[in-house]
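In UniProt numbering, the protein residues as written are 1 to 307.
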């Protein structure tokens with residue numbers, strides 16, 4: 001008996017890889033945003049970089065100088081003087097503001113505070129006041145010749161309170177910024193606290209955890225991401241410090257200089273000194289420094305949150 005071998009199975013042609021189908025209609029949805037983003041962000045940024053590479057000279061007009069403006073800025077004492085002042089402001093004011101905001105959020109969320117909704121609105125209300133109006137109001141309070149400070153000094157019988165002295169000016173500005181933004185950060189923390197599941201509180205209560213234990217073991221770890229976000233916003237806001245010193249400058253012209261902060265320095269270089277190229281250079285340097293520090297804070301915060 002003879003057997004015949006079965007014919008080998010026919011080789012199937014290799015399957016073609018399916019390519020993900022891309023629907024081009026998606027661009028229609030993002031096109032308005034992309035257009036506005038390009039016009040109001042990318043175009044001014046590119047123009048600032050372009051300006052920073054030129055210098056307006058008496059002979060030769062606007063000439064290409066490469067990175068010469070950046071080299072000049074790195075050796076500019078006025079720029080670094082303002083940068084150091086803003087750095088001190090950042091290190092001192094931001095932690096105080098965030099701690100006050102977190103304490104207010106925890107107090108309102110504790111359910112032990114009567115009229116919590118009223119306090120929430122009152123603490124948030126200064127953020128609704130326009131920045132210029134707020135600085136003018138505080139400028140009147142600080143005025144040692146006409147404002148509340150003068151009344152207080154008259155009551156005490158001497159010049160005991162002088163917010164416009166050089167050694168107190170940064171603290172006076174920090175007080176205004178803190179007054180304005182505590183409510184804003186409090187709302188961020190409070191919103192984050194409201195996302196904590198109630199089962200965690202019930203479990204902590206069954207385990208016998210007290211109020212302080214619940215705060216340090218449940219609430220504060222839960223708002224860590226919100227704290228990182230608020231810190232990044234505060235860092236950006238501190239490096240952009242401009243309104244407060246610029247508006248208070250007429251009240252204390254001998255204390256607040258034209259280069260009190262880097263933003264004021266760039267503003268006065270551009271609109272008073274007609275040095276548009278160098279002002280653009282200062283703005284670009286401050287933008288890069290702010291982006292790097294904000295990225296480092298975000299990276300460290302993400303790593304701690306992932307642990």
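Ideal Cβ positions, reconstructed from N, Cα and C, are used throughout, including at glycine.
Between which two residues does the beta strand (DSSP E) harbouring residue i extend?
i: residue 54; result: 54-57
i: residue 64; result: 61-64
Evaluate residue i with the Cβ neighbour count: other Cβ atoms within 10 Å of its Cβ, from every protein chain shown; 16 or more gives buried, anything less gives exposed.
i: residue 250; result: exposed
i: residue 212; result: exposed
i: residue 292; result: exposed
i: residue 158; result: exposed
i: residue 248; result: buried
i: residue 284; result: buried
i: residue 139; result: buried
i: residue 304; result: exposed
i: residue 206; result: exposed
i: residue 163; result: buried
i: residue 151; result: exposed
i: residue 296; result: exposed
i: residue 246; result: buried
i: residue 223; result: buried
i: residue 269; result: buried
i: residue 311; result: Absent from the structure is residue 311, since the part of the chain shown begins at 1 and ends at 307.
What residue does the alpha helix (DSSP H) around residue i start on, and which one ends it?
i: residue 308; result: For residue 308 there is no data in the structure shown, the boundaries of the chain being 1 and 307.
i: residue 254; result: From DSSP, residue 254 is part of no alpha helix (DSSP H); its letter is neither H nor E.
i: residue 95; result: 77-109
i: residue 206; result: 198-206
i: residue 232; result: 224-239
i: residue 120; result: 116-128
i: residue 171; result: 166-193
i: residue 156; result: 148-156
i: residue 211; result: 211-214
Out of the options, which has the shortest C-alpha to C-alpha gap to residue i?
i: residue 184; options: 303, 284 and 102; result: 102
i: residue 227; options: 80, 105 and 60; result: 105
i: residue 50; options: 61, 59, 65 and 40; result: 65
i: residue 290; options: 231, 252, 271 and 137; result: 231
i: residue 142; options: 61, 252, 200 and 36; result: 252
i: residue 294; options: 272, 99, 233 and 263; result: 233
i: residue 298; options: 174, 190 and 229; result: 229
i: residue 108; options: 100, 98, 120 and 99; result: 120
i: residue 174; options: 202, 216, 147 and 89; result: 89
Are the beta-carbon atoms belonging to residue i and residue j less than 9 Å from one another?
i: residue 258; j: residue 241; result: no
i: residue 76; j: residue 274; result: no
i: residue 244; j: residue 133; result: no
i: residue 225; j: residue 301; result: yes
i: residue 188; j: residue 219; result: no
i: residue 255; j: residue 166; result: yes
i: residue 267; j: residue 79; result: no
i: residue 161; j: residue 149; result: yes
i: residue 45; j: residue 287; result: yes
Touching by the beta-carbon criterion (3+ pairs, under 8 Å), the region 227-245 and the region 80-97: The region 227-245 is in contact with the region 80-97.
The region 46-62 / the region 266-281 touching (three or more Cβ pairs under 8 Å): With the rule of 3 Cβ pairs closer than 8 Å, the region 46-62 counts as touching the region 266-281.
Contact the region 172-190 vs the region 122-138: 3+ CB pairs below 8 Å: The answer is yes - the region 122-138 touches the region 172-190, with three or more Cβ pairs under 8 Å.
Stretch-stretch touch, CB-based, cutoff 8 Å, three pairs: the region 76-89 with the region 160-179: Yes, the region 76-89 is in contact with the region 160-179.
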